[in-house]
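A.B. asks: Take a look at this one; I'll ask things after.
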Amino acid sequence: MNQKPKSNIKLSPSFVSKLELDAVDMALASNELSYYGTYITELETRFRAYFNNKHVVLTNSGTSAIHLALIMAGVEKGDEVLCQSFTFAASAFPITYCGATPVFVGSEKQSWNMCPSTLEQAIENRIKYCKKPKAIVVVHSYGMPCNMESIKQIALKYRIPIIEDAAEALGSKVNKIACGVHGDFGIVSFNTNKIITAASGGLIVCKTEDQKRRIVRLATQAKDETIYYQHSETGYNYKMNNLNAAILNVQFQSLEDRLSRKKNIHNFYSDLFGRFKGISVQKEYSENIRSNFWLNCIVVDNMELKKCLEKQFSEAHVETKSLWNPMHLQPVFAGAQYFGNRYEEELFKKGLCLPSGSNLTDDDLYRIQVAVESAMSTF
Ligand SMILES: Cc1ncc(COP(=O)(O)O)c(C=O)c1O
1 MNQKPKSNIK
11 LSPSFVSKLE
21 LDAVDMALAS
31 NELSYYGTYI
41 TELETRFRAY
51 FNNKHVVLTN
61 SGTSAIHLAL
71 IMAGVEKGDE
81 VLCQSFTFAA
91 SAFPITYCGA
101 TPVFVGSEKQ
111 SWNMCPSTLE
121 QAIENRIKYC
131 KKPKAIVVVH
141 SYGMPCNMES
151 IKQIALKYRI
161 PIIEDAAEAL
171 GSKVNKIACG
181 VHGDFGIVSF
191 NTNKIITAAS
201 GGLIVCKTED
211 QKRRIVRLAT
221 QAKDETIYYQ
231 HSETGYNYKM
241 NNLNAAILNV
251 QFQSLEDRLS
261 RKKNIHNFYS
271 DLFGRFKGIS
281 VQKEYSENIR
291 SNFWLNCIVV
301 DNMELKKCLE
311 KQFSEAHVET
321 KSLWNPMHLQ
331 PVFAGAQYFG
341 NRYEEELFKK
351 GLCLPSGSNL
361 TDDDLYRIQV
371 AVESAMSTF
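Below you can see the structure in the form of structure tokens.
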């Protein structure tokens, strides 16, 4: 007899309740189909409070937020920008939109994110060749905060602005302060696989009212203040719309619940893999940081065991993905400069991301446990 196929357990699926449906109805009924409106204002106010009263501009994606942050940092054609290599390509692509060149920096073992001492070596090297980097794009990959304090000290020493890519890290903290607030500019993504989502969307955190005004101007086609259409510089169509903001206002209110479910899922993986040798789960590495555990990641020392786990997960319809293929290995960035000890290459080879959505049920977790146990018993 044919068995009913099991549903897929996805890495990080979106989910909505009746509250989001009602919010969209109300937003449509309000007739404010624009990049401004009641829901935009409400969401900006919420995030302003969340990000320690810093200024916030809502954008149509995390990628556009990074592009705006780079422009605000003064990045121009011909410049170099230091960028974490172990990340998703969207951290680096906007550097090329500016006509600038990314210079990639490798990861440290502790946080898997940008290595502070390598960052300093890279800065010294580029200064030696009269190419002082214009900005540093640092990432909290998988929601795990980078070594922010050390990176900030180096950036301050050389007076280079930091763009803090917290696309995956809404809810993560360093020294009890939200990720996104620590850099000169911070960005968050609300794309479909993020902890809260409106299918697409993002935001940029900045420090002054003047910066906010300029970001809004750039994000809305850079219109001069004339009574007719006049543009003195290139603008972009990068603002979030009021419908997405209506959804996010509701999703934001469940952020704490989602974070606590994600912490439980992390504990589940820690307990499960703690029973077996040769597999380690990425962990919070210091008392001063909190991860949102956007995705739980494991590193498997033995390649045969990794294959065996992948096979069992695939047969159980459990989605997994390899860790980031570093940017300095990407064909699109062939020939780019790289500073580092290639630790992220090892992570790419040995690592896997596991389902971590805050709507995973206990039954889903049990199915994952059975897949792991059967891989371990057959290996
Ligand atoms: C690290 C990182 N940076 C930037 C982005 C870009 O965000 P978005 O997809 O909203 O453009 C993403 C998300 O995909 C990301 O994971």
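Note that full-length UniProt numbering numbers the sequence shown so that position 281 is 281, with each residue one more than the last.
Beta carbons: idealized from backbone N, C-alpha and C, even for Gly.
Please determine, among ARG261, ILE279, ILE163 and TYR158, the residue with the shortest C-alpha to C-alpha distance to PRO94.
C.D. replies: The residue given as residue 94 occupies position 94 in the sequence shown. It is ILE163 whose Cα lies nearest to the Cα of PRO94.
A.B. asks: Please list the segments of the beta strand (DSSP E) lying wholly inside the stretch 30-78, counting only runs of 3 or more residues, in order along the chain.
C.D. replies: 55-59
A.B. asks: Do VAL105 and MET114 have their C-beta atoms within less than 8 Å of each other?
C.D. replies: Indexing the sequence shown from 1 puts residue 105 at position 105. Indexing the sequence shown from 1 puts residue 114 at position 114. It is a contact, given that the beta carbons lie within the stated cut-off.
A.B. asks: Is it true that the CB of ILE66 sits closer than 8 Å to the CB of ILE196?
C.D. replies: Position 196 of the sequence shown, counted from the first residue, corresponds to residue 196. Position 66 of the sequence shown, counted from the first residue, corresponds to residue 66. Cβ atoms of ILE196 and ILE66: not closer than 8 Å.
A.B. asks: In chain order, what residues of the same chain lie with their CB nearer than 6 Å to the CB of PHE276, ignoring the 5 residues before and after it?
C.D. replies: Taking the sequence shown and counting its residues from 1, the one referred to as residue 276 is at position 276. For PHE276, where only same-chain residues beyond five positions count, the Cβ hits under 6 Å are MET376.
A.B. asks: Mark residue 400 as exposed unless 16 or more other C-beta atoms lie within 10 angstroms of its C-beta, in which case mark it buried.
C.D. replies: Not covered by the structure: residue 400. The range shown for the chain is 1 to 379.
A.B. asks: Excluding the five sequence neighbours on either side, which residues of its own chain have a C-beta within less than 8 Å of the C-beta of ILE71, listed in chain order?
C.D. replies: To locate residue 71, count along the sequence shown from 1; it is residue 71. Same-chain partners within the cutoff: CYS98 and LEU218.
A.B. asks: Is GLY357 near ligand 1 - that is, is its Cβ less than 7 Å away from at least one heavy atom of it?
C.D. replies: As a working mapping, residue 357 is identified with position 357 in the sequence shown. Checking the Cβ of GLY357 against ligand 1 gives no.
A.B. asks: Distance, Cα to Cα, PHE348 vs GLU373?
C.D. replies: Taking the first residue of the sequence shown as position 1, residue 348 is located at position 348. Taking the first residue of the sequence shown as position 1, residue 373 is located at position 373. Near 24 Å, if we compare the C-alpha coordinates of GLU373 and PHE348.
A.B. asks: Determine the DSSP secondary structure at PRO326, reduced to helix, strand or coil.
C.D. replies: Position 326 of the sequence shown, counted from the start, is the residue given in the question as residue 326. The answer is coil: DSSP assigns PRO326 none of H, G, I, E or B.
A.B. asks: Between PHE185 and VAL205, which are expected to be in contact by the criterion C-beta below 8 Å, what is the C-beta distance as a whole number of angstroms?
C.D. replies: Locating residue 185 in the sequence shown gives position 185, counting from the first residue. Locating residue 205 in the sequence shown gives position 205, counting from the first residue. Contact flag correct, Cβ pair sits at about 7 Å.
A.B. asks: Where does VAL332 fall in DSSP's three states?
C.D. replies: What you label residue 332 is simply residue 332 of the sequence shown in a count that begins at 1. In the three-state DSSP reduction, VAL332 falls in the helix class (H, G or I).
A.B. asks: Assign MET148 to one of three DSSP states: helix, strand, or coil.
C.D. replies: Indexing the sequence shown from 1 puts residue 148 at position 148. In the three-state reduction of the DSSP assignment, MET148 falls in the helix class.
A.B. asks: Following the continuous beta strand (DSSP E) through THR101, name the residue where it begins and the one where it ends.
C.D. replies: Within the sequence shown, numbered from 1, the residue matching residue 101 stands at position 101. Looking at the DSSP string, the run of the beta strand (DSSP E) that includes THR101 is 101-105.
A.B. asks: Could you give the residue range of the beta strand (DSSP E) that holds VAL216?
C.D. replies: To locate residue 216, count along the sequence shown from 1; it is residue 216. Taken as a continuous stretch (DSSP letters only), VAL216 belongs to no beta strand (DSSP E), being part of the alpha helix (DSSP H) at 209-219.
A.B. asks: Can you list, in chain order, the residues of its chain with a C-beta nearer than 6 Å to that of GLU108? Leave out the 5 residues immediately preceding and following it.
C.D. replies: Counting from 1 along the sequence shown, the entry for residue 108 is found at position 108. Only CYS115 meet the Cβ criterion.
A.B. asks: Count the CB pairs spanning the stretch 37-46 and the stretch 245-259 that are closer than 8 Å, and state whether there are at least three.
C.D. replies: yes
A.B. asks: Return yes when at least one heavy atom of ligand 1 lies under 7 Å from the C-beta of GLU32, else no.
C.D. replies: Taking the sequence shown and counting its residues from 1, the one referred to as residue 32 is at position 32. Incorrect: GLU32 has no Cβ contact closer than 7 Å to ligand 1.
A.B. asks: Considering only the alpha carbon of each residue, which of THR87, ALA89 and ILE154 lies closest to THR118?
C.D. replies: Within the sequence shown, residue 118 is the residue found at index 118, counting from 1. Considering only alpha carbons, the answer is ILE154.
A.B. asks: Rounded to whole angstroms, what is the Cα-Cα separation between ALA198 and VAL318?
C.D. replies: Translated into the one-based positions of the sequence shown, residue 198 becomes position 198. Translated into the one-based positions of the sequence shown, residue 318 becomes position 318. Each residue's alpha carbon lies about 24 Å from the other.
A.B. asks: DSSP three-state call for GLY202: helix, strand or coil?
C.D. replies: Sequence index remark: in the sequence shown, residue 202 carries index 202 (1-based). Strand.
A.B. asks: Would you kindly report the start and end of the unbroken alpha helix (DSSP H) that includes ILE196?
C.D. replies: Residue numbering aside, residue 196 sits at position 196 when the sequence shown is read from its first letter. Per DSSP, ILE196 belongs to no alpha helix (DSSP H) and is neither H nor E.
A.B. asks: Could you check whether the Cβ of ASN191 sits closer than 7 Å to any heavy atom belonging to ligand 1?
C.D. replies: Numbered from 1 along the sequence shown, position 191 holds the residue referred to as residue 191. Yes, Cβ of ASN191 sits closer than 7 Å to a heavy atom of ligand 1.
A.B. asks: Considering Cα atoms alone, identify which of ASP224, VAL138, ARG214 and SER172 is closest to GLY183.
C.D. replies: Taking the sequence shown and counting its residues from 1, one reaches residue 183 at position 183. Looking at the Cα atoms, VAL138 is the closest of the given residues.
A.B. asks: Examine ligand 1 and report whether any of its heavy atoms sits within less than 7 Å of the Cβ of ASP301.
C.D. replies: In the sequence shown, residue 301 corresponds to position 301, counting from 1. The answer is no for ASP301.
A.B. asks: Closer than 7 Å to a non-hydrogen atom of ligand 1 - does that hold for the CB of PHE333?
C.D. replies: On the sequence shown, residue 333 is found 333 positions in, with the first residue counted as 1. No, ligand 1 has no heavy atom inside 7 Å of this Cβ.
A.B. asks: Give me the residue from LEU272, TYR158 and ASN193 with the minimum Cα distance to SER14.
C.D. replies: Walking along the sequence shown from the start, residue 14 turns up at place 14. Here the closest residue by C-alpha is ASN193.
A.B. asks: How far does the alpha helix (DSSP H) with CYS308 in it extend, from its first residue to its last?
C.D. replies: On the sequence shown, residue 308 is found 308 positions in, with the first residue counted as 1. Note, CYS308: alpha helix (DSSP H), 303-315.
A.B. asks: Run through the stretch 118-145 for me and flag every whole beta strand (DSSP E) of 3 or more residues, listed as ranges in chain order.
C.D. replies: Here the runs fully enclosed are 135-139.
A.B. asks: Compute the Euclidean distance between the alpha carbons of TYR129 and ILE123, then round it to the nearest angstrom.
C.D. replies: For the purposes of this step, residue 129 is taken as residue 129 along the sequence shown, with counting starting at 1. For the purposes of this step, residue 123 is taken as residue 123 along the sequence shown, with counting starting at 1. Their backbone Cα atoms lie some 10 Å apart in a straight line.
A.B. asks: Check this for me: beta carbons of THR87 and TRP324, under 8 Å apart or not?
C.D. replies: On the sequence shown, residue 87 is found 87 positions in, with the first residue counted as 1. On the sequence shown, residue 324 is found 324 positions in, with the first residue counted as 1. For THR87 and TRP324, yes; Cβs fall inside 8 Å.
A.B. asks: I believe PHE51 touches ALA178 by the beta-carbon criterion, under 8 Å. Please report the beta-carbon distance rounded to the nearest angstrom.
C.D. replies: As a position in the sequence shown, residue 51 is number 51, starting the count at 1. As a position in the sequence shown, residue 178 is number 178, starting the count at 1. Right, their Cβ atoms sit about 6 Å apart.
A.B. asks: I need the DSSP call for GLN282, collapsed to helix, strand or coil.
C.D. replies: Stepping through the sequence shown from its first residue, residue 282 is reached at position 282. If DSSP states are grouped into helix, strand and coil, GLN282 belongs with coil.
A.B. asks: Determine the DSSP secondary structure at GLU260, reduced to helix, strand or coil.
C.D. replies: Locating residue 260 in the sequence shown gives position 260, where the first residue counts as 1. Before going on, a small fix: residue 260 reads as Ser here, not Glu. Residue state, collapsed to three classes: helix.
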